[in-house]
Ligand SMILES: C[S@@+](CC[C@H](N)C(=O)[O-])C[C@H]1O[C@@H](n2cnc3c(N)ncnc32)[C@H](O)[C@@H]1O
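Residue numbers (the working numbering): 5 to 340.
Written as structure tokens, this is what we have:
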């Protein structure tokens with residue numbers, strides 16, 4: 005039984021984090037592939053999000069990717085050493101904050117403030133008492149359209165299992181139990197993917213949980229078992245990682261600009277604005293400022309568009325296109 009105390013003893017004291025969690029993504033050729041080929045396709049509908057709460061951050065293996073797609077991220081973990089590591093690792097990003105928690109509650113988040121609660125590769129080691137405690141907290145912290153994406157154990161659904169073969173998964177938790185916890189907390193499970201960490205046994209599960217009536221509430225729980233976790237995607241990840249160099253950190257900022265333009269082209273101007281605002285918080289790039297101004301104008305936010313162009317002209321007085329755009333906008337009526 006992986007109790008809270010045992011989790012604390014392992015992760016805070018005895019485990020030495022040789023590669024800050026990257027060691028668990030080795031089969032994918034690294035966490036970048038693991039994120040983009042396996043996790044991101046599942047969680048992308050809920051990103052970008054204004055405020056993300058990540059439970060059990062460890063050394064920030066997923067935090068680094070979530071941080072690119074939100075305005076603010078709160079990370080919690082029971083292990084003080086993990087939180088100290090994340091504070092240092094992400095010290096240059098003031099949008100992220102990290103807190104030691106008690107393993108069942110989320111005091112760092114205020115009521116109805118969180119748009120995405122995320123946890124992967126941690127709460128599989130949490131027993132039913134921990135999941136039950138967090139569920140009550142989810143009901144408190146989720147915003148009206150907020151959503152929970154958590155990875156937990158499904159071992160209670162399997163009957164008798166050899167504890168050696170389930171990778172320390174909690175025996176008291178299953179998809180059905182999490183669905184019941186959600187209902188008792190006034191929430192609703194809308195997607196569950198029981199999956200096989202290995203050997204085709206459905207030891208794990210991802211549950212997506214929301215408020216009844218939220219934009220994610222489909223009125224029913226879609227349960228889709230998946231007996232493959234490491235197959236095509238892992239093979240592809242290894243090939244890619246073996247052949248091509250890794251993306252430099254700065255390319256990721258550029259990528260969020262490019263991704264914003266893709267979103268805008270697909271008609272999601274609001275999503276594109278959120279991504280651009282994020283990119284600008286890190287680096288004030290003139291092209292991103294200009295694109296954010298254009299998108300703001302397109303969304304009817306005339307005032308913001310003018311403010312952004314004024315800032316651009318102030319920073320780059322020689323930017324003729326920006327001056328012309330600003331002059332143009334000033335002659336147009338504010339439609340709001
Ligand atoms: C296997 S590590 C994974 C960390 C990170 N999610 C990753 O995938 O790299 C498990 C982490 O979960 C944390 N943890 C375990 N139980 C927890 C709980 N109930 N609440 C918060 N953190 C917990 C541990 O301290 C540890 O940092």
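Ideal placement from N, C-alpha and C gives every residue a C-beta, glycine not left out.
CA-to-CA distance, residue j to residue i, given in whole angstroms
{"i": "residue 246", "j": "residue 172", "result": "30 Å"}
{"i": "residue 122", "j": "residue 208", "result": "16 Å"}
{"i": "residue 40", "j": "residue 125", "result": "16 Å"}
{"i": "residue 284", "j": "residue 212", "result": "30 Å"}
{"i": "residue 289", "j": "residue 58", "result": "29 Å"}
{"i": "residue 174", "j": "residue 9", "result": "14 Å"}
{"i": "residue 335", "j": "residue 69", "result": "41 Å"}
{"i": "residue 164", "j": "residue 31", "result": "28 Å"}
{"i": "residue 154", "j": "residue 317", "result": "45 Å"}
{"i": "residue 66", "j": "residue 25", "result": "9 Å"}
{"i": "residue 192", "j": "residue 279", "result": "28 Å"}
{"i": "residue 306", "j": "residue 50", "result": "27 Å"}
{"i": "residue 256", "j": "residue 250", "result": "With a pLDDT of 44 at residue 256, under the threshold of 50, the modelled position of that residue is not reliable, and the figure given next carries that caveat. Between residue 256 and residue 250, the C-alpha separation is close to 11 Å."}
{"i": "residue 268", "j": "residue 312", "result": "18 Å"}
{"i": "residue 216", "j": "residue 77", "result": "24 Å"}
{"i": "residue 315", "j": "residue 297", "result": "10 Å"}
{"i": "residue 238", "j": "residue 179", "result": "25 Å"}
{"i": "residue 90", "j": "residue 112", "result": "16 Å"}
{"i": "residue 74", "j": "residue 260", "result": "11 Å"}
N-terminal and C-terminal residue of the alpha helix (DSSP H) that residue i is part of
{"i": "residue 293", "result": "290-302"}
{"i": "residue 273", "result": "273-286"}
{"i": "residue 44", "result": "44-47"}
{"i": "residue 336", "result": "Segment: none, residue 336 is in no alpha helix (DSSP H) and carries neither H nor E."}
{"i": "residue 9", "result": "8-12"}
Host beta strand (DSSP E) of residue i (start-end)
{"i": "residue 75", "result": "74-81"}
{"i": "residue 150", "result": "146-157"}
{"i": "residue 317", "result": "Note, residue 317: premise wrong, no beta strand (DSSP E); alpha helix (DSSP H) at 306-319."}
{"i": "residue 89", "result": "Residue 89 -> not in any beta strand (DSSP E); alpha helix (DSSP H) instead, spanning 84-93."}
Residue i - DSSP class collapsed to helix/strand/coil
{"i": "residue 190", "result": "coil"}
{"i": "residue 266", "result": "helix"}
{"i": "residue 101", "result": "strand"}
{"i": "residue 324", "result": "helix"}
{"i": "residue 256", "result": "Unreliable positioning characterises residue 256 in this predicted model, as indicated by a pLDDT of 44, which lies under 50. A coordinate reading is not provided."}
{"i": "residue 238", "result": "helix"}
{"i": "residue 15", "result": "helix"}
{"i": "residue 170", "result": "coil"}
Residue i - partner residues in DSSP beta bridges
{"i": "residue 215", "result": "Note: residue 215 sits in no beta bridge, so no partner."}
{"i": "residue 58", "result": "79 and 122"}
{"i": "residue 53", "result": "74"}
{"i": "residue 261", "result": "Looking at the DSSP assignment, residue 261 forms no beta bridge with any residue, so it has no partner."}
{"i": "residue 199", "result": "208 and 230"}
For residue i, the nearest candidate out of the options (CA to CA)
{"i": "residue 294", "options": "287, 274 and 329", "result": "329"}
{"i": "residue 236", "options": "33, 279, 139 and 133", "result": "33"}
{"i": "residue 107", "options": "129, 38, 176 and 279", "result": "129"}
{"i": "residue 274", "options": "168, 197, 300 and 222", "result": "300"}
{"i": "residue 82", "options": "242, 104, 89 and 97", "result": "104"}
{"i": "residue 63", "options": "15, 38, 51 and 75", "result": "15"}
{"i": "residue 231", "options": "266, 250, 216 and 197", "result": "197"}
{"i": "residue 161", "options": "218, 229 and 144", "result": "229"}
{"i": "residue 101", "options": "240, 61 and 177", "result": "61"}
{"i": "residue 224", "options": "183, 203 and 238", "result": "183"}
{"i": "residue 181", "options": "97, 271, 134 and 327", "result": "134"}
{"i": "residue 140", "options": "324, 214 and 320", "result": "214"}
{"i": "residue 132", "options": "220, 222, 186 and 195", "result": "186"}
{"i": "residue 206", "options": "324, 325, 177 and 219", "result": "177"}
Chain C within 8 Å of residue i, Cβ atoms only
{"i": "residue 312", "result": "The chain inventory of the structure shown lacks chain C, comprising one protein chain alone."}
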